[in-house]
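Have a look at the structure below before the remarks.
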Amino acid sequence: MPKKYRKNALDADDLEWLNNNLESADDLDGPPAGDRWSTWDQSTPTERGPRPHPDWLVTELAAVDTELGVLKTGKEADVHLISRGVPGTGRQCLLAAKRYRSGEHRLFHRDAGYLEGRRMRDSRMSRAMAGRTAFGKEVIAGQWAAAEFAALCRLFELGLPVPYPVQIVGTEVLEEFIGTPDGYAAPRLANVSADLPALWEQLVEAMVRLAHEGLAHGDLSPYNILVRDGQVVIIDLPQIVDVISHPSGPEFLNRDARNVATWFAAKGVTQADPDELAKLLRTEARLD
Numbered sequence: 007m008p009k010k011y012r013k014n015a016l017d018a019d020d021l022e023w024l025n026n027n028l029e030s031a032d033d034l035d036g037p038p039a040g041d042r043w044s045t046w047d048q049s050t051p052t053e054r055g056p057r058p059h060p061d062w063l064v065t066e067l068a069a070v071d072t073e074l075g076v077l078k079t080g081k082e083a084d085v086h087l088i089s090r091g092v093p094g095t096g097r098q099c100l101l102a103a104k105r106y107r108s109g110e111h112r113l114f115h116r117d118a119g120y121l122e123g124r125r126m127r128d129s130r131m132s133r134a135m136a137g138r139t140a141f142g143k144e145v146i147a148g149q150w151a152a153a154e155f156a157a158l159c160r161l162f163e164l165g166l167p168v169p170y171p172v173q174i175v176g177t178e179v180l181e182e183f184i185g186t187p188d189g190y191a192a193p194r195l196a197n198v199s200a201d202l203p204a205l206w207e208q209l210v211e212a213m214v215r216l217a218h219e220g221l222a223h224g225d226l227s228p229y230n231i232l233v234r235d236g237q238v239v240i241i242d243l244p245q246i247v248d249v250i251s252h253p254s255g256p257e258f259l260n261r262d263a264r265n266v267a268t269w270f271a272a273k274g275v276t277q278a279d280p281d282e283l284a285k286l287l288r289t290e291a292r293l294d
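The sequence shown lines up with residues 7 to 294 when you count with the numbering used here.
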């Protein structure tokens with residue numbers, strides 16, 4: 007057919023121009039800046055943080071996410087720093103994106119005890135999880151991400167010192183970045199030496215309130231407690247334990263108490279007594 011009748015045809019020159027100027031079809035839908043469009047609209051209302059959403063949070067659909075680096079690496083997940091903002095405006099916020107590792111990586115080196123209290127209706131998924139198949143590990147990753155997001159939402163609504171949970175998308179949990187506006191993360195308690203008696207009192211109050219709700223962090227230590235402007239912020243909550251229903255609930259309370267009280271006592275905080283704290287937490291949880 008003569009070319010003049012092929013209204014949508016591309017000649018060799020057209021194809022060469024397209025090949026030289028478009029890396030892929032995805033470029034047509036890519037954001038004007040940054041690494042990806044904001045994922046806010048990919049989460050349902052139940053997959054977003056408690057309302058009212060804080061004023062600092064960027065929820066505009068025109069926003070883009072820009073990767074700024076890795077904040078923390080771990081066996082179960084890596085935490086990335088993300089800037090979410092609307093190009094050409096002053097609307098911007100910093101988020102911590104916790105991304106649980108995919109099935110081909112080593113997952114959850116201590117998950118057996120934490121998962122003991124969790125059951126799934128789907129027997130195929132339960133068998134896969136028990137056998138640690140590739141699919142089972144993907145299911146576990148999804149469970150841990152969902153557990154962490156649900157825990158953050160619950161504890162934030164209770165007024166406990168945790169980051170604001172922004173949203174969950176698959177195995178990525180986005181939460182408030184605990185640090186300075188220019189991207190410097192708040193120090194871990196393990197690296198803090200000032201005002202330790204006051205920090206101890208804050209932490210005991212938070213642990214007592216957790217126990218009153220029948221909960222234990224499950225892996226609390228000076229390495230997953232941040233200090234921002236003199237205030238403790240508890241992070242890393244995927245393994246939060248219901249101490250009433252879990253068969254090893256009292257043991258998790260005792261371990262959390264021992265981990266933090268021993269550290270404070272070694273730093274000279276005379277009020278820090280592992281046995282006394284453990285007893286207080288068990289009483290508050292109505293286990294004694």
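We treat Cβ as the ideally placed atom computed from N, Cα and C, and that holds for glycine.
TODO: Express the C-alpha separation of V85 and A152 in angstroms, rounding to a whole number.
DONE: Going from the Cα of A152 to the Cα of V85 covers about 16 Å.
Open item on the list: Just to confirm, is the Cβ distance from L259 to V266 under 7 Å?
Closed with: No, they are not a contact pair.
Open item on the list: Need the endpoints of the beta strand (DSSP E) that T373 sits in, please.
Closed with: This structure does not reach residue 373, given that the chain is present from 7 up to 294, and the question cannot be answered.
TODO: Compute the distance between the beta-carbons of I174 and E53, then report whether it is under 7 Å.
DONE: Result yes, Cβ atoms of I174 and E53 sit closer than 7 Å.
Task: Among E178, V247, V179, nearest to A291 - alpha-carbon criterion - done: It is V247.
Task: Where the alpha helix (DSSP H) through D83 begins and ends - done: The identity of residue 83 in the sequence shown is Ala, whereas the question assumes Asp. That residue, A83, is in no alpha helix (DSSP H); its beta strand (DSSP E) goes 83–91.
Task: With 16 other Cβ atoms within 10 Å as the buried cut-off, status of D225 - done: It counts as buried.
TODO: With DSSP as the reference, label Q149 as helix, strand or coil.
DONE: In the structure shown, Q149 sits in a helix (DSSP, three-state: H, G or I).
Task: Assigned secondary structure, D294 (DSSP; H/G/I helix, E/B strand, else coil) - done: Under the three-state reduction of DSSP output, D294 falls in the coil class, being neither helix nor strand.
Task: Residue environment, P60, which counts as buried when at least 16 other CB atoms sit within 10 Å - done: It counts as exposed.
Open item on the list: Using only the alpha-carbon positions, how far apart do R288 and H223 sit?
Closed with: The alpha-carbon separation between R288 and H223 amounts to approximately 14 Å.
Task: Top-ranked residue by Cα proximity to K274, from A284, G189, L205 - done: One point to set straight first is that residue 274 is Gly, not Lys, in the sequence displayed. Ranking A284, G189, L205 by Cα distance to G274 puts L205 first.
Open item on the list: Would you call the segment 62–69 in contact with the segment 187–206, where contact means no fewer than 3 C-beta pairs closer than 8 Å?
Closed with: Counting C-beta pairs closer than 8 Å gives fewer than three between the segment 62–69 and the segment 187–206, which falls short of the contact rule.
Task: Same chain only: Cβ atoms within 6 Å of A217, ignoring 5 sequence neighbours per side - done: Same-chain partners within the cutoff: L287, E290, A291.
Task: Start-end ranges of the alpha helix (DSSP H) lying completely within the segment 198–255, minimum 4 residues - done: The segment 198–255 is shown to contain whole alpha helix (DSSP H) runs of 4 or more residues at 202–218, in chain order.
Task: R90 vs S49 beta-carbon contact at 7 Å - done: 7 Å or more divides the Cβ of R90 from the Cβ of S49.
Open item on the list: Since V172 and E163 should fall inside the 8 Å C-beta cutoff, what is the C-beta to C-beta distance between them, to a whole number of angstroms?
Closed with: About 14 Å; that fails the 8 Å criterion.
Task: Anticipated Cβ contact below 8 Å, L166 with R215, distance rounded - done: That belief holds up - the Cβ atoms of L166 and R215 are roughly 6 Å apart, short of 8 Å.
TODO: Let me know the secondary structure DSSP gives V266 once reduced to three states.
DONE: V266 falls in the helix class under three-state DSSP.
Task: Alpha-carbon spacing of V76 relative to D294, whole angstroms - done: So the two alpha carbons sit approximately 43 Å from each other.
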